Amino acid sequence: MTAATTEPRVLASGTLDGLSALVTGAGSGIGRAVTQRLVQLGAHVTGLGRHEDSLKETGDLLDGPGGYDHRVCDVRDTEAAAAALVEVGESRGLGLLVNNAGGQFFAKALDISVNGWNSVLDLNLTSIFHLTKAAHPYLARTHGSVVNLSLSGVERGGMGMAHSIAARAGVLGLTRTLALEWATDGIRINCVGPGTVLTHALNDEASDHVLGNLVHKATPMQRPTPTADVAELVAFLASPAGALMTGQLLQIDGGAHLGAGLHMLPEAYR
Ligand SMILES: CCCCCCCCCCC/C=C/C(=O)SCCNC(=O)CCNC(=O)[C@H](O)C(C)(C)COP(=O)(O)OP(=O)(O)OC[C@H]1O[C@@H](n2cnc3c(N)ncnc32)[C@H](O)[C@@H]1OP(=O)(O)O
Ligand SMILES: NC(=O)C1=CN([C@@H]2O[C@H](COP(=O)(O)OP(=O)(O)OC[C@H]3O[C@@H](n4cnc5c(N)ncnc54)[C@H](OP(=O)(O)O)[C@@H]3O)[C@@H](O)[C@H]2O)C=CC1
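If you read the sequence shown in this note's numbering, its first letter stands for residue 260, the second for the next number, and so on.
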């Protein structure tokens, strides 16, 4: 197994001083880690999610010079989510939108109903389009950016994830299109594609065998992606160091997209 880096933090304190950010799905996993890192670097984050208790818990865990507040909201309710964003934009401006809320159930394409398809497309594609569009006027004022949480191997496919991969491929197309359309407004937009991240949500879905053995097999660097690594990359993209990066898919996955990522292994679904 390759050596794990224990300290992925490379950005200097104060790097994001004064940045106003909105992070969807801030109450757990990657969204919580991103929120923690942005606040450590000086940003003020508004976290969105459906459950007040987990959003509050994120707030309790924060340490750093930035600020945090939260709004309870389902991003699939596109009007409510846009209204929450506008409230943030009008009150303190907006320099970063992190579209992180997402997920799916794992099922073969033949077992996905119309309603199942629509649920996953609404969550992982449609909500992102509407929220990002609502952010445009505020991001144009700050020359801000958008980071969309995608998936390692999104350009290759994945078993049991026809709905989710289709949605995220759509987000990649949207990302590249908006990178072109909004470049002259000074707005950047990128995708980050993590490999397997051992969050509670994935632990609930996949067996101990899958997570304990197959992640290593599926990943050339033989280890999962820590949430802190994803958070540092998001912060980098939001920082002045990322000022010329737009329309990118950055896969942070130990090379999983080059080999057989976990969601490309048939044995993961047995
Ligand atoms: C099992 C093997 C696992 C191997 C894993 C390898 C993969 C590794 C790579 C992983 C990369 C990605 C990781 C992650 O994303 S981690 C986060 C994981 N957690 C989640 O994704 C949870 C998020 N899910 C949800 O929020 C909801 O499930 C969702 C929004 C997707 C749907 O919510 P909704 O409230 O709309 O759902 P309903 O219950 O109303 O159902 C809507 C329709 O969907 C059908 N459905 C639901 N579950 C299934 C299922 N398991 N199989 C088939 N169909 C399903 C449901 O029946 C409804 O349709 P109908 O009305 O027609 O019945
Ligand atoms: N874990 C992994 O291996 C990988 C994950 N990803 C993607 O990264 C993102 C984060 O994943 P991860 O942290 O693991 O997942 P989690 O399930 O831990 O986090 C998802 C967060 O999104 C929130 N959320 C879900 N649905 C909605 C909704 N409709 N409206 C508002 N908030 C919502 C959840 O909070 P609440 O339930 O309170 O609303 C939760 O806090 C997802 O898009 C995921 O698909 C990509 C690659 C790999």
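Quick reminder that beta carbons are idealized off the backbone N, C-alpha and C, glycines included. Keep in mind the model is a prediction, meaning the values are calculated, not measured.
Residues bridged to residue i (per DSSP)
i, result
"P453", "I511"
"T283", "L307"
"I448", "V405"
"M420", "A366"
Buried or exposed (CB count within 10 angstroms, at least 16 for buried), residue i
i, result
"E526", "exposed"
"L439", "exposed"
"H329", "buried"
"E349", "exposed"
"E491", "buried"
"Y327", "buried"
"M260", "Residue placement at M260 is poorly supported in this model, since its pLDDT is 45, which falls under 50; the coordinates still yield a value, given next. By the neighbour-count rule (16 or more Cβ atoms within 10 Å), M260 is not buried but exposed."
"G501", "buried"
"N407", "buried"
"A442", "exposed"
"G273", "exposed"
"A285", "buried"
"V304", "buried"
"L433", "buried"
"V293", "buried"
"D370", "exposed"
"H468", "exposed"
"T436", "exposed"
"L307", "buried"
"H402", "exposed"
"P485", "buried"
"V379", "buried"
"Y528", "exposed"
8 Å contact criterion, which residue i and residue j should meet: CB distance rounded
i, j, result
"L470", "L457", "6 Å"
"V493", "V430", "V493 to V430, Cβ: 15 Å. No contact."
"Q507", "N449", "5 Å"
"P479", "G514", "4 Å"
"A519", "A465", "Not confirmed; about 16 Å, so no contact."
"P453", "V489", "5 Å"
"A360", "T283", "4 Å"
"L398", "I446", "5 Å"
Short CB-CB distance (under 9 Å) between residue i and chain B
i, result
"G306", "In the structure shown, chain B cannot be found, because there is only a single protein chain."
Query raised in the report: Between the stretch 388-395 and the stretch 355-363, do three or more beta carbon pairs fall short of 8 Å?
Result: yes
Report task. Mind the definition here: the stretch 412-427 touches the stretch 284-292 only if three or more C-beta pairs lie below 8 Å; say whether that holds. Result -> no
Requested in this report: Determine, using beta-carbon pairs with one atom in the stretch 377-388 and one in the stretch 311-318, whether at least three such pairs fall under 8 Å.
Outcome: no
Query raised in the report: Do the stretch 420-428 and the stretch 360-376 make contact, defined as three or more Cβ pairs closer than 8 Å?
Result: yes
Report task. Determine contact between the stretch 275-282 and the stretch 292-301, defined as no fewer than three beta-carbon pairs at a distance below 8 Å. Result -> yes
Query - beta strand (DSSP E) segments (min. 3 residues) lying fully within the stretch 285-369 - result: 303-308, 326-331, 355-358
**Report entry** In chain order, each alpha helix (DSSP H) run of at least 4 residues that lies wholly inside the stretch 451-491
**Finding:** 459-464, 474-477
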